[in-house]
Amino acid sequence: MNATNELDRVRALVEPIASDLDLDVYDVERRGSTVRVTLDTHAGSDGGITLDTLALATRLISREIDHEDPIQSRYTLEVTSPGLERQLRTPSHFRREVGKTVTVRFRDPAADPRRIDGVLISADDTTATLQSDDGAETTFDLTAVDKARTVFEWGPAPKPGKQPGGKKKNPPSSEHREKQTS
Numbered sequence: 002m003n004a005t006n007e008l009d010r011v012r013a014l015v016e017p018i019a020s021d022l023d024l025d026v027y028d029v030e031r032r033g034s035t036v037r038v039t040l041d042t043h044a045g046s047d048g049g050i051t052l053d054t055l056a057l058a059t060r061l062i063s064r065e066i067d068h069e070d071p072i073q074s075r076y077t078l079e080v081t082s083p084g085l086e087r088q089l090r091t092p093s094h095f096r097r098e099v100g101k102t103v104t105v106r107f108r109d110p111a112a113d114p115r116r117i118d119g120v121l122i123s124a125d126d127t128t129a130t131l132q133s134d135d136g137a138e139t140t141f142d143l144t145a146v147d148k149a150r151t152v153f154e155w156g157p158a159p160k161p162g163k164q165p166g167g168k169k170k171n172p173p174s175s176e177h178r179e180k181q182t183s
């Protein structure tokens, strides 16, 4: 059995488990001797996967794969979540991240530009469109993509001397300062 068939069988075994846990199978890949199953919450869900849910999923998936034995060689199973900055490798990855900031690098070294950043405004099975900060839209074929990922954007940092939410920190009272220096 070839690696693609093995991964298809792993995905088929994992999907019902993920569904029972109210999760999606984001990706199944093999790198060397590691089989990585990436699980995620449903597109548009608030929050992410808890560690307890990920631990439960790992136990259930490991048991099912051990029982069905779809992988012919030795391997290490890794069950994970995609994290804040997730790789976009399939059309479904691009579709579920519409509205998010992404960075895309193209395969062709002569491409101009070779890399673009912006908000993903649309995606289908073959193409995606990004809007850059200046408002320009770029539509590209997904087969031209070398690497793509979402970009996590931190909110603005509070100014020095202020707490998050814009409130000023209260300086210690003179009574408190006297106790500290005594």
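Taking the numbering used here, the leading residue of the sequence shown gets 2, the next gets one more, and so forth. Just so it is clear, CB atoms sit at the ideal spot from N, CA and C, and this is done for glycine as well. Quantities reported herein were computed from a predicted structural model and do not represent experimental measurements.
Rounded straight-line distance, which links the Cα of residue j to that of residue i
i: A137; j: A13; result: 41 Å
i: T77; j: D67; result: 11 Å
i: D134; j: S63; result: 44 Å
i: S183; j: P157; result: Here S183 scores only 49 on pLDDT, less than 50, and its place in the model should not be relied on; the value that follows carries that caveat. Cα to Cα, S183 sits roughly 38 Å from P157.
i: P83; j: P161; result: 33 Å
Of the residues the options, the one placed nearest residue i, counting alpha carbons only
i: I50; options: P114, H94, D23 and R108; result: D23
i: T151; options: P157, T104, A112 and D113; result: T104
i: T130; options: K160, E98, V38 and E154; result: E98
i: T54; options: D41, T35 and E65; result: D41
i: A19; options: T39, G100, P110 and R31; result: T39
i: S74; options: N3, D25 and D28; result: N3
i: T127; options: V11, W155 and R96; result: R96
i: L8; options: A56, D70 and G45; result: D70
i: T184; options: D25, L89, R32 and T59; result: No answer is possible for residue 184: it lies beyond the span of the chain, which begins at 2 and ends at 183.
i: L57; options: I72, V15 and L85; result: V15
Beta carbon of residue i nearer than 9 Å to that of residue j
i: T102; j: D118; result: yes
i: V146; j: Q132; result: no
i: D142; j: R90; result: no
9 Å Cβ cutoff, residue i in contact with chain D
i: P17; result: Any reference to chain D falls outside this structure, which holds one protein chain only.
Going residue by residue through the region 96–136, where are the continuous beta strand (DSSP E) segments of at least 3 residues, counting only ones entirely within it? Within the region 96–136, the complete beta strand (DSSP E) runs of at least 3 residues are 102–107, 116–124 and 128–132.
Do the region 71–87 and the region 106–122 make contact, defined as three or more Cβ pairs closer than 8 Å? The region 71–87 is not in contact with the region 106–122.
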